[in-house]
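In what follows, a structure is listed as structure tokens, so that the remarks can point back to it.
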Amino acid sequence: RPYETTEPVTEPAPVAEQVSTALPAELAAAVDALMAKHQKADSAFRSAAGAARASAQSAAGSATGSESWAAAQVELSRLDVKRGDSVAALSDLDKLIAAEHEKGADSALLGLLAVPQSQMAQAVAAQTAEIEALARLIG
């Protein structure tokens, strides 16, 4: 029988996956722009946090609707607005990572993107914690 005498079919050798060691230039530029947007917003947030903290401390224990309470709420709202670009930059980076994942990016490339994502996420979480702490202090 011919199928018994011919060479057996073998699996081709697996091709080694190419692993990214650096972000492609276009992707690096997009990540750098998002990181710059985040850093600018984070700096503005930190600059405004002192005034919001002082206002919250002076409003602590005051009646809801009082002048000090209202002033503290306004400062808290301003602080929340300052963090908006950080949240937007993190969201845009998350979308960029999801798009790269959908394109079949290798795990090393996704790992490279995870570094700035983690940095932004930690900063946004710290901003959120600060706002929540001040809101509790105001009451």
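Here the sequence shown is numbered in our numbering, starting from 85 and rising by one per residue. Heads up, the beta-carbon is just placed ideally off N, CA and C, and yes, glycines get one too.
- Cα-Cα separation, M119 to S142: The residue you call residue 119 lines up with position 35 of the sequence shown. The residue you call residue 142 lines up with position 58 of the sequence shown. Roughly 34 Å separates the two Cα atoms.
- Task: Starting from the N-terminal side, write out each stretch of the alpha helix (DSSP H) that is 4 residues or longer and does not extend beyond the segment 118-173.
- Result: 151-166
- Message: The alpha helix (DSSP H) that contains A267, what's its start and end?
- Response: Since the first residue of the chain shown is 85 and the last is 223, residue 267 is not available in this structure.
- Item | Buried/exposed call for Q206, threshold 16 Cβ in 10 Å | Within the sequence shown, numbered from 1, the residue matching residue 206 stands at position 122. Classification for Q206: exposed.
- Distance, Cα to Cα, S127 vs H185? Working through the sequence shown from its first residue, we reach residue 127 at position 43. Working through the sequence shown from its first residue, we reach residue 185 at position 101. One C-alpha to the other measures close to 31 Å.
- Specify the secondary structure class of P108 as computed by DSSP and reduced to three states. The residue given as residue 108 occupies position 24 in the sequence shown. The answer is coil: DSSP assigns P108 none of H, G, I, E or B.
- Leaving aside the five residues before and after V199 along the sequence, list all residues of the same chain whose C-beta is less than 7 Å from its C-beta, in chain order. Counting from one through the sequence shown, the residue named residue 199 turns up at place 115. The answer is none, since no qualifying residue turns up.
- Query: Under 7 Å, do S170 and V208 count as touching if we go by C-beta distance?
  - Reply: Residue mapping note: residue 170 aligns to position 86 of the sequence shown, counting from 1. Residue mapping note: residue 208 aligns to position 124 of the sequence shown, counting from 1. Yes.
- Looking only at its own chain, which residues have a Cβ that is under 8 Å from the Cβ of A106, when we skip the five neighbours before and after it? Against the sequence shown, residue 106 aligns to sequence position 22. Cβ neighbours of A106 beyond the five flanking positions: A112, L196.
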